[in-house]
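Engineer: Residue numbers (the numbering used here), protein chains in the order written: chain A, 4 to 116; chain B, 279 to 391.
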Amino acid sequence: DSGVTQTPKHLITATGQRVTLRCSPRSGDLSVYWYQQSLDQGLQFLIQYYNGEERAKGNILERFSAQQFPDLHSELNLSSLELGDSALYFCASSGQRGYSPLHFGNGTRLTVT
Amino acid sequence: DAKTTQPNSMESNEEEPVHLPCNHSTISGTDYIHWYRQLPSQGPEYVIHGLTSNVNNRMASLAIAEDRKSSTLILHRATLRDAAVYYCILRANSGGSNYKLTFGKGTLLTVNP
Numbered sequence: 004d005s006g007v008t009q010t011p012k013h014l015i016t017a018t019g020q021r022v023t024l025r026c027s028p029r030s031g032d033l034s035v036y037w038y039q040q041s042l043d044q045g046l047q048f049l050i051q052y053y054n055g056e057e058r059a060k061g062n063i064l065e066r067f068s069a070q071q072f073p074d075l076h077s078e079l080n081l082s083s084l085e086l087g088d089s090a091l092y093f094c095a096s097s098g099q100r101g102y103s104p105l106h107f108g109n110g111t112r113l114t115v116t
Numbered sequence: 279d280a281k282t283t284q285p286n287s288m289e290s291n292e293e294e295p296v297h298l299p300c301n302h303s304t305i306s307g308t309d310y311i312h313w314y315r316q317l318p319s320q321g322p323e324y325v326i327h328g329l330t331s332n333v334n335n336r337m338a339s340l341a342i343a344e345d346r347k348s349s350t351l352i353l354h355r356a357t358l359r360d361a362a363v364y365y366c367i368l369r370a371n372s373g374g375s376n377y378k379l380t381f382g383k384g385t386l387l388t389v390n391p
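1) Drop a sphere of 10 angstroms on the beta-carbon of P391 of chain B, count the other beta-carbons inside from all chains shown, and report buried for 16 or more, exposed for fewer.
2) The beta strand (DSSP E) with S34 of chain A in it runs from where to where?
3) Rounded to whole angstroms, how far is the Cβ of N286 of chain B from the Cβ of L386 of chain B, which I believe are closer than 8 Å?
4) Determine whether the Cβ of Q284 of chain B lies closer than 8 Å to any Cβ atom of chain A.
5) Taking the C-alpha atoms as reference points, what is the distance between P73 of chain A and Y52 of chain A?
6) K383 of chain B versus chain A: which residues are under 8 Å apart at the beta carbon?
7) Could you tell me which chain B residues have their CB closer than 7 Å to the CB of L105 of chain A, listed as they occur along the chain?
8) What does DSSP give as the partner residues of E85 of chain A in its beta bridges?
9) Just list the residues that DSSP pairs Q47 of chain A with in beta bridges.
10) Compute the distance between the beta-carbons of I352 of chain B and A361 of chain B, then report whether it is under 8 Å.
11) Figure out for me which residue from A:V35, A:F67 and A:S82 has the closest Cα to the Cα of T18 of chain A.
12) Starting from the Cα of H327 of chain B, find the closest Cα among B:P318, B:Q316, B:T350 and B:D345 and give me that residue.
13) Using the Cα positions of T357 of chain B and L298 of chain B, report the straight-line distance between them to the nearest angstrom.
14) With 16 other CB atoms within 10 Å as the buried threshold, where does R66 of chain A fall?
15) Anything in chain A within Cβ reach of H327 of chain B, meaning under 7 Å, just list it in chain order.
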């Protein structure tokens with residue numbers, strides 16, 4: 004058990020809809036990362052937050068947004084969903100040092116029909 | 279991010295040692311070498327990391343070349359549960375709080391009974 008909790012585990016929705024994925028980091032971790040994994044793209048970094056502030060941005064679409072709340076949990080919002088957004092979405096958290104490992108949750112599997 | 283090169287796949291027999299190589303010729307002096315693995319249908323899992331010296335933990339050993347341009351992850355006795363994709367990643371430690379990991383394609387390890 005990594006200590007990172009992601010909800011929901013599965014999500015099925017239709018094109019054009021909006022969904023919110025939730026992540027609770029390990030106790031004490033201030034950094035939260037979001038990754039997308041699809042069959043043809045591998046693990047793609049989307050965005051990182053550190054203590055409520057955005058720290059790094061990867062290949063995140065404009066239709067996607069995220070935030071980290073004062074209690075350090077994070078939410079990833081996906082809107083105007085397309086079939087190609089179907090993927091596994093992973094959240095990870097880490098401590099404050101550059102060598103601190105990332106601890107990943109078990110992911111949310113999003114299916115857009 | 280500095281790039282790593284790993285074989286696409288490797289095969290091993292159960293209870294034999296496995297040496298997973300990684301080349302990172304453009305590594306900078308402050309980059310940590312991290313290894314993660316991803317079992318089927320799970321999030322990536324931290325295995326080990328190092329900077330200059332060889333490292334051991336309960337999961338594996340990490341052997342780092344003297345010039346730091348390559349490293350080897352060593353599983354001392356492979357089990358069927360070690361079958362996974364193994365990722366070698368360089369993680370910058372240049373200060374600040376941007377410590378994202380950039381995943382490549384990794385090495386798919388198959389363990390034969």
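Cβ atoms here follow ideal geometry from the backbone N, Cα and C, with glycine treated the same way.
Predicted, not measured: the structure shown is a model, and the values here were computed from it.
Structural biologist: So, from the data block:
1) exposed
2) S34 to S41
3) Indeed, because the Cβ distance is near 7 Å, the residues count as touching under 8 Å.
4) no
5) 12 Å
6) G45
7) Y324 and L379
8) In the DSSP output, where bridge partners are listed per residue, E85 of chain A has none listed.
9) DSSP lists A:Q39 as the beta-bridge partner residues of Q47 of chain A.
10) Cβ atoms of I352 of chain B and A361 of chain B: not closer than 8 Å.
11) A:S82
12) The alpha carbon of H327 of chain B has as its nearest neighbour, out of B:P318, B:Q316, B:T350 and B:D345, the alpha carbon of B:T350.
13) Between T357 of chain B and L298 of chain B, the C-alpha separation is close to 15 Å.
14) exposed
15) Y102 and P104
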